[in-house]
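Chains E and H, in that order, are what the protein sequence lines are.
To convert a position in the first sequence, counted from 1, into the working numbering, add 1.
To convert a position in the second sequence, counted from 1, into the working numbering, add 5.
In this text, a Cβ means the ideal position worked out from N, Cα and C, and glycines have one as well.
The block underneath contains the structure these notes are about, expressed in structure tokens.
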Amino acid sequence: MKDFPIKSFWLLVALQLVVLGGIIGQRMLLLKTGHPVMLQCVPIDPRSLLSGDYVILRYKISDLGGLNGNKFNLFQEKFVRNQKVYVALMRKAGARFHEAVAVSGDFARLKKLYPLVIRGTIVSPWALSIRYGLESYFVPQFQGKAIEKEMSNVHVEVAVAENGDSGLRKLFIRGKEVKFR
Amino acid sequence: MAKRQDAYFRSLEKDARRWVAKGLIEEEQRVKILSESRAFAEGVDTPPQVEPASRQAATAPRKAAKTTQAGAPERDVVGWLPTVMVGIATLLVGVGILLFYAANWRFMSTTLKLSQIFLLLTGLYGAAFYGLAVRGSQLFGRAFLFLGLVAFGAAIGLIAQIFHISAHPSNGVLLWAIVAASMSWLLRDVASAYLSAALLLVWNLWEVSVYLQPNAWFALAIVGLVALFVRCASRLGLVFTAAFSLVLFFQLNFHALWRIRDNAGYSLDMALFAGALACLPLGLLCLALGRFLERWPLAAWAKVFFGSVGLLLLWGPLIGVSWPLNFSVLYPHLTGFAAFLIFQYIAFLAIAQLLSSYTEQSTGKKASPLFSWMSLAAIALFVLPLGDKRVLLITTHLGLLLTVFMGLGDSFLSLSVSRVERSVAWMLAIATLFIKMFAFIGLGIESRYYYVAYVLGFVMFGVVFFLCNLLVEHVLRQQKRSFPVSYLQGLGVLLSYATFYILSFKLVDTQTNIFQASYFVVVLLVFFVVLASALFLYLIFQSAQKLPVALCGAIFLATCIGLFASGPRWSWVAYSLYFNIILFLMVALLLFYSVKINSVRLVYFALGGLILQVITRYFDVLWELISGSLLFIVTGLLVMVGGYLLNRQRRLLLEVIEASRQQGQAGRGGVQ
Numbered sequence: 002m003k004d005f006p007i008k009s010f011w012l013l014v015a016l017q018l019v020v021l022g023g024i025i026g027q028r029m030l031l032l033k034t035g036h037p038v039m040l041q042c043v044p045i046d047p048r049s050l051l052s053g054d055y056v057i058l059r060y061k062i063s064d065l066g067g068l069n070g071n072k073f074n075l076f077q078e079k080f081v082r083n084q085k086v087y088v089a090l091m092r093k094a095g096a097r098f099h100e101a102v103a104v105s106g107d108f109a110r111l112k113k114l115y116p117l118v119i120r121g122t123i124v125s126p127w128a129l130s131i132r133y134g135l136e137s138y139f140v141p142q143f144q145g146k147a148i149e150k151e152m153s154n155v156h157v158e159v160a161v162a163e164n165g166d167s168g169l170r171k172l173f174i175r176g177k178e179v180k181f182r
Numbered sequence: 006m007a008k009r010q011d012a013y014f015r016s017l018e019k020d021a022r023r024w025v026a027k028g029l030i031e032e033e034q035r036v037k038i039l040s041e042s043r044a045f046a047e048g049v050d051t052p053p054q055v056e057p058a059s060r061q062a063a064t065a066p067r068k069a070a071k072t073t074q075a076g077a078p079e080r081d082v083v084g085w086l087p088t089v090m091v092g093i094a095t096l097l098v099g100v101g102i103l104l105f106y107a108a109n110w111r112f113m114s115t116t117l118k119l120s121q122i123f124l125l126l127t128g129l130y131g132a133a134f135y136g137l138a139v140r141g142s143q144l145f146g147r148a149f150l151f152l153g154l155v156a157f158g159a160a161i162g163l164i165a166q167i168f169h170i171s172a173h174p175s176n177g178v179l180l181w182a183i184v185a186a187s188m189s190w191l192l193r194d195v196a197s198a199y200l201s202a203a204l205l206l207v208w209n210l211w212e213v214s215v216y217l218q219p220n221a222w223f224a225l226a227i228v229g230l231v232a233l234f235v236r237c238a239s240r241l242g243l244v245f246t247a248a249f250s251l252v253l254f255f256q257l258n259f260h261a262l263w264r265i266r267d268n269a270g271y272s273l274d275m276a277l278f279a280g281a282l283a284c285l286p287l288g289l290l291c292l293a294l295g296r297f298l299e300r301w302p303l304a305a306w307a308k309v310f311f312g313s314v315g316l317l318l319l320w321g322p323l324i325g326v327s328w329p330l331n332f333s334v335l336y337p338h339l340t341g342f343a344a345f346l347i348f349q350y351i352a353f354l355a356i357a358q359l360l361s362s363y364t365e366q367s368t369g370k371k372a373s374p375l376f377s378w379m380s381l382a383a384i385a386l387f388v389l390p391l392g393d394k395r396v397l398l399i400t401t402h403l404g405l406l407l408t409v410f411m412g413l414g415d416s417f418l419s420l421s422v423s424r425v426e427r428s429v430a431w432m433l434a435i436a437t438l439f440i441k442m443f444a445f446i447g448l449g450i451e452s453r454y455y456y457v458a459y460v461l462g463f464v465m466f467g468v469v470f471f472l473c474n475l476l477v478e479h480v481l482r483q484q485k486r487s488f489p490v491s492y493l494q495g496l497g498v499l500l501s502y503a504t505f506y507i508l509s510f511k512l513v514d515t516q517t518n519i520f521q522a523s524y525f526v527v528v529l530l531v532f533f534v535v536l537a538s539a540l541f542l543y544l545i546f547q548s549a550q551k552l553p554v555a556l557c558g559a560i561f562l563a564t565c566i567g568l569f570a571s572g573p574r575w576s577w578v579a580y581s582l583y584f585n586i587i588l589f590l591m592v593a594l595l596l597f598y599s600v601k602i603n604s605v606r607l608v609y610f611a612l613g614g615l616i617l618q619v620i621t622r623y624f625d626v627l628w629e630l631i632s633g634s635l636l637f638i639v640t641g642l643l644v645m646v647g648g649y650l651l652n653r654q655r656r657l658l659l660e661v662i663e664a665s666r667q668q669g670q671a672g673r674g675g676v677q
């Protein structure tokens, strides 16, 4: 191919590597510098637990609606599906896990009141159900059963950045970190 | 063989002259093509398969692109075998690598995993570079390029897995699609373009179905794909993009209608009705696009796609809403329309008109009658009070007849219409007859007291259908075009016969007179009568085929009598007699007509109908009167006598037809 665009080709390849490197770098930085938050998992319908080689996780902070909905919705906002929202997290003195205390679409307003804020997306406005991007934990094939059985004793350590970005750092069963080898 | 070659060269010379006249090729090229073809034929016994002009022009840019890709004239690849082998080998290697990694992945450290991802990507792209730029091997170079792109997608997934990222995974698919599209654009690689198109469709469906985010901005992806497939000279890709654009249209409209139902409290019926009508301007836009794309050989398949889908999109809504639907408001379509749908209706209609006018001006070809008339129909349907059943039924039936017969006529009138489009036109005509027949009979059974009225209503529709078919033939004959009128004629007669046959059984109960029925039913039937009468008058005076028109008129009159005169006073005996008389009348008219047109096939068809009727009535009457064994003996004797008489009659008829044919041939011979 005489007129092969050598420069453009390698530029495009390099761009792909840079994009992938960017994703990796951003994640590593987040996990290294993010504020550690401990979240307790809640049991969910076992039929939807395993999907391929990952475990679906659900947290106490995943559903803020129902009877307590107004308690969290400090500024009485109206949420819509797929809206980006921020949830303020706090750990009571002596407690092990962080819990949700407030939810809002206004990051700056919430951040003024609470130092630790995590970003999520509204899945259901009525139930105030929120997705954080922390709902999948990838495991080696067929090894998710152990986590499935112990779901009420599972908790995770999450890294939360100043801007609300978050990433899964560690997974624990009965207080012991799970490492697949 | 030499004779075949001569014929081939005569045809080629004729075509080449036409191509020069059309400006497709220069005179110099014409001479070259002819001399090259003759030289080739002298070396090879069989003449080369020459593609039609449009196909040649369509493949030319693709071939040119391939040549530039190689940077030198492409090597002769012996058949498709190496391509298939390399394809399978690439697939096997890919699957092997994936299996190996799946088995060993978890034992590796994160750093090792990430390094391998980068190494794999660089290696595959390096191999692609070596194949394409250094060795000039298109096949292997492009195979590695494709593997590189697949590896990029896998890399996104693996990184997400390593870091347990699960937020909005469809974004990863979009990123992958953009990279594949960029690579395809840069190297004019068709396989990467297909990959990109497939990924964009997955991304779109994921966003809409999982995250419920339909959005008009997805149209940007379609614009990008059009540009990509034009650059890669892919006709199939353009068809895919055309289909993708329709998927997007239905996504947006479905979403809009769903919201209307959810928020405004309108009934689902109204929303669906509005949605069905929204397809009309899209159908017109598709037809206009089809015409617009005619001039670009690269878009030849997309043109066929739009032409066929356009016809379907006009027909579908009309047959869907041409029933007595119940609405509480006069303008269910406008009430049910959201602002978005109203804007879309007007915008699509306007764009279709502009596009059609532009095509008319730039090519000098007039818009098809189907397009012009259906544009008027789309405007009328938008402003008329369709909540009134009379208006709804009359306009939709009129629109339906226009679509079916103008579509059919257009497919024989226009030279640019493909076989696919013509097949769609036939299919729609046949489907209309069957759908209407089953629906009318179903409605009749449901209403019980108007059973006869509904079923005869279908016969009325069938008569109008039959006459419209003759009208198309008449118009095309005036334009010096042939039209196979007998297909729909035959089907119409067959279905009418079947309808009368069903009615001739002792199923008909006490019936209510049609004038007692709802006002809109009477209005629709009167509309059919008026339409049929107008067609009769026109065809009797203008058409060359006066006999079938007159025979059809006889059946029509008989049907009208039954339809308007039947009522509670008629017992089942009266109905039975009436329908049996009509069946005999039909057979007699068919036999008469078969002799007139010298059709042996029609003789057999008519005799078959007669036998069926006689046997049915025989068993109807005698089943309860004569005991088992005696019934069979009497039946056997009667069949023998009847068979003898029938055979004698059949021979007589065939002799008359044969004599008439010979006379005709002799007459023609004399003239010659």
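Item, Value
"Roughly how many angstroms separate the alpha carbons of PHE610 (chain H) and LEU568 (chain H), rounded to a whole number?", "27 angstroms"
"For HIS1 (chain E) and LEU90 (chain E), which I take to be in contact (beta-carbon distance under 8 angstroms), what is that distance rounded to the nearest angstrom?", "This structure does not reach residue 1 (chain E), given that chain E is present from 2 up to 182, and the question cannot be answered."
"In angstroms with no decimal places, state the Cα-to-Cα distance between THR515 (chain H) and ARG655 (chain H).", "39 angstroms"
"So, is PRO87 (chain H) buried or exposed, given that buried needs 16 or more other C-beta atoms within 10 angstroms?", "exposed"
"When you compare the CB of SER171 (chain H) with every CB in chain E, is at least one pair closer than 8 angstroms?", "yes"
"Excluding the five sequence neighbours on either side, which residues of its own chain have a C-beta within less than 8 angstroms of the C-beta of PHE311 (chain H), listed in chain order?", "ALA247, CYS291, LEU292, LEU294, GLY295, LEU298"
"Among H:LYS441, H:ALA203, H:VAL600, which has the Cα closest to the Cα of VAL155 (chain H)?", "H:ALA203"
"Using a C-beta to C-beta distance shorter than 7 angstroms, which residues of chain E count as neighbours of SER187 (chain H)?", "LEU13"
"Considering only C-alpha positions, which residue in the set H:GLY641, H:PHE245, H:ASN220 is nearest to PHE254 (chain H)?", "H:ASN220"
"Based on the DSSP secondary-structure assignment, which residues constitute the bridge partners of THR5 (chain H)?", "With chain H represented from 6 up to 677, any question about residue 5 (chain H) goes unanswered, as that position is not in the structure."
"Please classify ASP194 (chain H) as buried or exposed, where buried requires at least 16 other C-beta atoms within 10 Å of its C-beta.", "buried"
"Under a CB-based cut-off of 8 angstroms, is LEU210 (chain H) close to chain E?", "no"
"Of the residues H:TRP328, H:GLY288, H:ALA304, which one's Cα is nearest the Cα of ALA352 (chain H)?", "H:GLY288"
"Can you find a C-beta in chain H that's less than 8 angstroms from the C-beta of ARG82 (chain E)?", "yes"
"Do LEU346 (chain H) and ALA279 (chain H) have their CB atoms nearer than 8 angstroms?", "yes"
"If you follow the alpha helix (DSSP H) that GLY315 (chain H) is part of, which residue opens it and which one closes it?", "305-326"
"Taking GLN166 (chain H) as the query, report the chain E residues whose CB atoms sit under 7 angstroms from its CB, ordered along the chain.", "PHE139"
"Note the first and the last residue of the continuous alpha helix (DSSP H) segment covering TYR583 (chain H).", "577-602"
"Which bits of chain H does PRO126 (chain E) rub up against, with CB to CB less than 9 angstroms?", "Those do not exist, as PRO126 (chain E) stays about 12 angstroms from chain H at its closest Cβ, beyond 9 angstroms."
"Can you give me, in chain order, the residues of the region 129-144 of chain H that have a beta carbon less than 8 angstroms from any beta carbon in chain E?", "TYR130, PHE134, LEU137, ALA138, GLY141, GLN143"
"Is it true that the CB of PRO126 (chain E) sits closer than 8 angstroms to the CB of GLY82 (chain E)?", "A quick correction: the sequence has Arg, not Gly, at residue 82 (chain E). Cβ atoms of ARG82 (chain E) and PRO126 (chain E): closer than 8 angstroms."
"Below 9 angstroms between beta carbons is the criterion; list the residues of the region 517-548 of chain H that meet it against any residue of chain E, in chain order.", "none"
"Nearest to LEU413 (chain H) by CA position, among H:ASN474, H:GLY467, H:GLN358, is which residue?", "H:ASN474"
"Take THR437 (chain H) and list the residues in its own chain whose beta-carbon comes closer than 8 angstroms to its own, dropping the five residues that flank it on each side.", "TRP320, ILE324, LEU405, VAL409, PHE470"
"Have a look at GLU663 (chain H) and ASN603 (chain H) and give me their C-alpha separation to the nearest angstrom.", "8 angstroms"
"Which full runs of the alpha helix (DSSP H) of 4+ residues lie inside the region 334-417 of chain H, going along the chain?", "337-341, 344-368, 374-388"
"Going by beta carbon distance, what residues of the same chain come within less than 6 angstroms of TRP306 (chain H), once the five residues before and after it are set aside?", "ARG240, VAL244"
"Per DSSP, what kind of secondary structure is ASP11 (chain H) in: helix, strand or coil?", "helix"
"How many whole angstroms separate the CB atoms of VAL102 (chain E) and TYR115 (chain E), which I take to be in contact at a CB cut-off of 8 angstroms?", "7 angstroms"
"Kindly confirm or deny that the region 525-536 of chain H and the region 432-448 of chain H touch, where touching means at least three C-beta pairs closer than 8 angstroms.", "no"
"Give me, in chain order, the residues of the same chain whose beta-carbon lies closer than 6 angstroms to that of LYS171 (chain E); leave out the 5 immediate sequence neighbours on both sides.", "GLU158, GLU178"
"Using a Cβ cut-off of 8 angstroms (strictly closer), state whether TYR350 (chain H) contacts chain E.", "no"
"Note down, in chain order, each residue of its chain lying with its Cβ closer than 6 angstroms to the Cβ of VAL118 (chain E), except the 5 sequence neighbours on either side.", "TYR87, ALA89, LEU111, LYS112, GLY165"
"Measure from the C-beta of ALA160 (chain H) to each C-beta in chain E and report whether the shortest distance is under 8 angstroms.", "yes"
"For the region 99-134 of chain H, list the alpha helix (DSSP H) runs that are entirely contained and at least 4 residues long, ordered along the chain.", "115-134"
"State yes or no: is the beta carbon of GLN218 (chain H) nearer than 8 angstroms to at least one beta carbon in chain E?", "yes"
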